[in-house]
Structures are given as C-alpha cells and as structure tokens.
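Here my numbering is used: the first residue of the sequence shown is 3, the next is one more, and so on. Ideal Cβ placement from N, Cα and C applies to all residues, glycine included. This one's a predicted model, so the numbers in the text were calculated from it and none came from an experiment.
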Amino acid sequence: MAKQNLPGPKAKALIERDHKVISPSYPRGYPFVMDHGKGSEVWDVDGNRFLDFMGGIAVVSTGYSHPKVVKAIQEQAEKFIHISSDFYHENWIKLAEKLDEIAPFKEDALSFMTNSGTEAVETAIKLARYHTKRTNFIGFTGAFHGRTMGAVTFTASKAKYHGGFYPLMNGVTHAPFPNPYRPILERRKGEDYGETTVRYIEEEILNQVLPPKDVAGILVETIQGEGGYIVPPDGFYPALRKLCDKHGILLIVDEVQCGMGRTGKWWAIEHFGVEPDMLTSAKGIASGMPLGACIARKSVMDWEIGTHGNTYGGNPISCAASLATIDLIEKEYLKNAAEVGAYAMDALEEIQARHPSIGQVRGKGLMIGVEFVKNRETKVPAKELTDRVVELGFERGLLMLSCGKSVIRIAPPLSMSKSEMDEGLRLFEEALTAAEKDVK
Ligand SMILES: Cc1ncc(COP(=O)(O)O)c(C=O)c1O
C-alpha cells in the first residue's frame, strides 16, 4: 500500500483545535482523527482508509457500528435514554440474567453495572472490603486496573500513573506478575513459574509482611493487558485459588480487557480451569457504549440497600447495545476469535522466524502480544523499534497500539476475517521491515 501523507489537512486542523481545549493528560498514540468505521475498517477525516488491529483499545468487539448493535441503540433511544438506577427496566434485567448465565462460576451471579472499567474495579474493591470485613489487598506489578483512586493504586504498569497523586488508597501490596518470558523469581524444581509466584506471595508477603486475616482480596488481570499482553503459566491460577481458599481471601479477576470473548472463551479465566469469586468487565461488553460490570458470586454480593450505587448504572442504551453485542459474540464471534486468533498466531510465528527482533509471540484468541527485543539472548526491550513499527504501520494504513515496554498488541474486532488478518499482517511485516532499517 502506498505511504499515506499523515496527518492530512483536515486532521491537522482538528488536532490543533483539540490541543487548545482538551486536557493534555490523554496519552494520544498518533494523529488519527476518526471520521467513520465499518467492521474492521476505519476512515479518517481526510478520507484515508485503515485496517484496525486495536479495536479502540480492545473495545469494538463486534466491529465498528455493527448494524444489529446500531439498531438496538436506535430502538432503545426512541423509547427512553435514561431512567436512573433508582428504578427498573427490562434490558438491564435481561443483561444481568445473561451475565449470570455466562459467569465463570457455578454459583448464581449478581451484577453491579458501571460506566467504565475503573468503576467496575472500584466496585469490586469496595465489595471485597464490605463482604470480608478485611481491609487489605494484593495486586501485581505490571497491572492496569484504571485511574480512579482505588483502581489506580493497584495499577502498576507505569510509575507515571502514581506520580503527583499520593496519597493513594491504603492497604495494597504488589507481587510480581508471573511473566514466563521474563521471570524475576527463582523457580524450584517441579514448580511452574506461576506456582513459584504463589509460593512467593505466601512465604514472602503473607508470612512476613501482611497477615492473611487482614487480606480481603487478590486482584489480578487474568491475562495482563497494558502491562504487555502477558499470559501467566498454567499453574498460576490453580495455586492462587488454593491460597485464597486456605485463607478466606477473595479471588477477583479483572477481565476488562481480556474478557467478553476476546480470548475465544467468554472469560480468560476459563482457560485455566479456575472459578473466581468476582470478575470485572467493561470495554468489549457493549461494542463501545460506556458500560462495565462487577459480577460476583451471590454469596459475596451481600451488601445492603443503599451501600453502593450510581446514577447511570444499567443505562438503557448501553444495556441494549450490550445485549446485541453478547448475542453476536455468542452466535458468531467467540468461534471466530478462537479461529482467526490461532490463524494469526501461526502466521506471526512465521514472521518471527524471519525477524530476529521479535523475541516472543504470545496470546490467546484475538489477544496477541508481539514482543520486540534488541537481542534474543539478552532480551533487552526494543522500545524505539516498537514505536517505529506502530508509526510506520499507521503510515501504511494499519492501526496498532503498543503495551508493556516493547510489545505490540493485536486486539482487533472479534469479527475480523482471515483475509483482513492477512492484510493486516502483511502491513505489519512491511512496517517492521522498514523499521528495522531505521532503528539499529
Ligand atoms: C484490565 C483493565 N482494567 C481496567 C481498565 C480501566 O477501564 P476504563 O478505562 O474503562 O476505566 C482497563 C483499561 O484499559 C483495563 O485494561
């Protein structure tokens, strides 16, 4: 594809206006100014077409403006846009019934609907304290859980997220997330690295720093997103579940990014054969309408009337969009995510064989991370190269986002076809080949 001269004049003018009036804190990737999208394709305001490998940060699960989602939104908007969570409406109830049906535990599930991922995490934190009557938590390095005060305390993927905002929430201790590509703890014979991490939590944290009787919950992204698309070893969750059971600690999985079908199963935790006590969801749950949920075992969500609430919880349009989204995922895209994801993994492994700058390709379904290194032996992260690949991909008509220190995340709409995946991977390799020449 010919190199596009970006940003074009209309995009440039809008970006100038944006910079005058919008908070400078937003971490903008590159100068893409959206005009419209369809499926896995998007067009900018100057008429340039792009294929999308990032799905609005893993949000647009059914593709841009899927006709069934649009119809559900339109129909609901004509009936009523808002009523408030002080009252009832059917789509909210239907959505909670569906979440109960697909929740990754046998016990009945109750859901608290939120407006975002961070609010779902905030809800889980509060509920864990309320239910257990304990105050403390364990989180993980590299994690991203959001930016409100409680969630951001757990977030540990960049020091910048904490700098200037202290004091944060009290009572959060971080353990190292088990990254099998970059282990930092010493593995004992017979253990997998996930089990090593759980042994560290028990021996070094619970025995020496933080008494388990004070720990309400362990909050963990089932597959780390922003931290680098890291899949923990198979032994991690079974061992963590056992530890939680031993001490009456709640296991809370944050599936805001890795859940809702992205990995080819409803929830990433299902790949590990473990049932959590609570789960947070958002992003892909409503194809881009603002919605999140804290889904908990019925016996855990035992707070009294009035203890927690919100104005927009169960927003009628978001619930309608979510029901249409879940229906599409169930009927078509769960299977597609598993198939196209496996297809992409194979193709990426072939690309890796041609490019020594790729240290590792990993992931499940359509949640794939490609990690770049300066040298496969030393594994020094190749950050500059990663940024250049993203930049050159954009110029060639491919939207990508990085994560971790030197990882490109591939998180397209779950509806992406194999031929679109082929096109995207061809652009990706072209960008990588050019970037390897630019960055030595
Ligand atoms: C795993 C995870 N949890 C929570 C959040 C926060 O979600 P939101 O940005 O909707 O507040 C994110 C956002 O990227 C996330 O990836």
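Under the three-state reduction of DSSP output, Ile127 falls in the helix class. By the Cβ test, the segment 97–113 is not in contact with the segment 337–347, since fewer than three Cβ pairs between them sit closer than 8 Å. Judged by the Cβ position, Ile59 qualifies as a neighbour of ligand 1 at the 7 Å threshold, a heavy atom of the ligand being closer than this. According to DSSP, residue pairing for Ser404 in a beta bridge involves Ile410. Proximity of the segment 390–406 to the segment 245–258 falls short of the contact definition, fewer than three beta-carbon pairs being nearer than 8 Å.
Selection Thr435, Cys296, Gly41 and His310 evaluated against Ser118 yields Cys296 as nearest (Cα-Cα). By the Cβ test, the segment 127–140 is in contact with the segment 210–222, since at least three Cβ pairs between them sit closer than 8 Å. Annotated three-state conformation of Asn93 is helix, per DSSP. A distance below 8 Å between beta-carbons, with the five flanking residues on each side excluded, links Thr198 to the following residues of its chain, in chain order: Pro180, Pro185, Leu187, Glu188, Arg189 and Arg190. Annotation note: the segment 102–150 contains the following uninterrupted beta strand (DSSP E) runs of length 3 or greater, listed N- to C-terminal: 111–116 and 138–142. With respect to the C-alpha of Phe55, the residue from Met423, Gly263, Asp256 and Asp440 having the closest C-alpha is Met423.
Leu245 and Asp236 have their alpha carbons spaced roughly 15 Å apart. Look at Pro383 here: in three-state DSSP terms it is strand. Apart from the 5 residues on each side of it in sequence, Ala126 sits with its Cβ closer than 6 Å to the Cβ of Ile254, Met280, Thr282 and Cys296 in its chain, given in chain order. Fewer than three pairs of CB atoms, one per stretch, sit closer than 8 Å, so the segment 371–391 makes no contact with the segment 316–326. Assigned with DSSP and collapsed to three states, Lys366 falls in strand. Following the DSSP letters along the chain, one finds Phe52 inside the beta strand (DSSP E) bounded by residues Arg51 to Asp54. Straight-line spacing of the CA atoms in Tyr28 and Lys22 works out to 13 Å. Per DSSP, the continuous beta strand (DSSP E) segment holding Asp256 begins and ends at Leu252 to Asp256.
By the C-beta density criterion, Pro358 is exposed, having fewer than 16 other C-beta atoms within 10 angstroms. Under DSSP, Gln226 shares a beta bridge with Ile232. Using a Cβ distance threshold of 8 Å, Ile287 and Leu416 do not count as a contacting pair. The Cβ-Cβ distance between Val276 and Arg243 falls below 8 Å. Beta-bridge partners of Val342 (DSSP): none assigned. Taken in chain order, the unbroken stretches of beta strand (DSSP E) that lie wholly in the segment 15–91 and span 3 residues or more are 36–40, 43–46 and 51–54.
Contact check for His273 against Phe114 fails: the beta carbons are separated by 8 Å or more. Between Tyr163 and Val154, the C-beta spacing is below 8 Å. Between the segment 396–409 and the segment 48–62 there are three or more inter-stretch CB-CB distances shorter than 8 Å, so the stretches are counted as touching. The secondary-structure analysis by DSSP pairs His176 across a beta bridge with Gly141. If you check the CB distance, Val258 and Lys300 do not come in under 8 Å. Taking C-beta atoms as the reference points, His84 and Pro292 fail to come closer than 8 Å. Annotated three-state conformation of Glu373 is strand, per DSSP.
In the three-state scheme derived from DSSP, where H, G and I count as helix and E and B as strand, Ile297 is classed as strand. Not one heavy atom of ligand 1 lies closer than 7 Å to the C-beta of Gly365. DSSP lists Asp256 and Cys296 as the beta-bridge partner residues of Thr282.
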